[in-house]
Amino acid sequence: MRAAAGQVRRTDIAFPYRVDRRGRTAHARYDAHVRDLIEQLLFTSPGERVMRPDFGCGLLDLVFTPNSPELASAIELSVQAALQRWLGELIEVESLDVVSEENVVRVSLQYVVRATASRRDEVFEGRGAE
Numbered sequence: 032m033r034a035a036a037g038q039v040r041r042t043d044i045a046f047p048y049r050v051d052r053r054g055r056t057a058h059a060r061y062d063a064h065v066r067d068l069i070e071q072l073l074f075t076s077p078g079e080r081v082m083r084p085d086f087g088c089g090l091l092d093l094v095f096t097p098n099s100p101e102l103a104s105a106i107e108l109s110v111q112a113a114l115q116r117w118l119g120e121l122i123e124v125e126s127l128d129v130v131s132e133e134n135v136v137r138v139s140l141q142y143v144v145r146a147t148a149s150r151r152d153e154v155f156e157g158r159g160a161e
């Protein structure tokens, strides 16, 4: 696949890391790569990454916290702030809904990938340790 004149061809590593059928590192298309970045941000706890200790939302830390309207609002604000801070140059968030049930956190996110102008509607689901 050739890049158009004046464009840089990107090669993004797939997440989670895996080997493709040729035995090489698997790659992801740009929109899939952006989705992978969102998933990493949502389910990484602050302090988990040594070189970026403030990276993440910490959603899975809140899985077993008793639900309340105040907590739901706080979680949505926290997720919105993290998306804006870490991925604001890559995406524009159109809508966000966070639901916590039992030991599952479900994030429904509608966003636009700025580089491709493609509109995406994704659901991310994380489970707490049982």
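Count along the sequence shown from 1, then add 31; that gives the number in our numbering.
Using N, Cα and C, we set each Cβ at its ideal position, and we do this for glycine too.
What did DSSP end up calling residue i once you bin it into helix, strand or coil?
i    : result
V65  : helix
E123 : strand
D92  : helix
R41  : coil
R33  : Residue placement at R33 is poorly supported in this model, since its pLDDT is 48, which falls under 50; the coordinates still yield a value, given next. Coil, per DSSP.
With respect to the beta strand (DSSP E) encompassing residue i, which residues constitute its N-terminal and C-terminal limits?
i    : result
V135 : V135 to V144
D152 : S149 to R158
Kindly indicate which residue of the options has the alpha-carbon position closest to the one of residue i.
i    : options                  : result
S99  : F74, G119, S149 and S131 : S131
Q141 : T56, I69, H58 and F46    : I69
D128 : D51, R145, S104 and T147 : S104
V138 : R49, W117, R116 and S109 : S109
Looking only at its own chain, which residues have a Cβ that is under 8 Å from the Cβ of residue i, when we skip the five neighbours before and after it?
i   : result
V29 : Residue numbering for the chain in the displayed model covers 32 to 161; residue 29 lies beyond these limits and cannot be assessed.
L59 : The question names Leu, but residue 59 is Ala in the sequence shown. D43, I44, A45, F46 and D67, listed in sequence order.
Y61 : R41, D43, V144, A146 and T147
Less than 7 Å between C-beta atoms, sequence neighbours within five positions excluded: which residues of the same chain meet that for residue i?
i   : result
R33 : Caution applies to R33, whose pLDDT of 48 falls short of 50 and renders its modelled position unreliable; the model cannot decide the point.
Among residues of its own chain, excluding the 5 on either side of residue i, which ones have a beta-carbon nearer than 6 Å to its beta-carbon?
i    : result
L114 : V124
V65  : L121 and V144
Where does the unbroken alpha helix (DSSP H) through residue i begin, and where does it stop?
i    : result
E79  : Unbroken run through E79: none, as it is neither H nor E.
S109 : P100 to L118
| message | Is it the case that the region 86-95 contacts the region 62-78, given that we only count it when at least three CB pairs across the two stretches are under 8 Å? | response | yes
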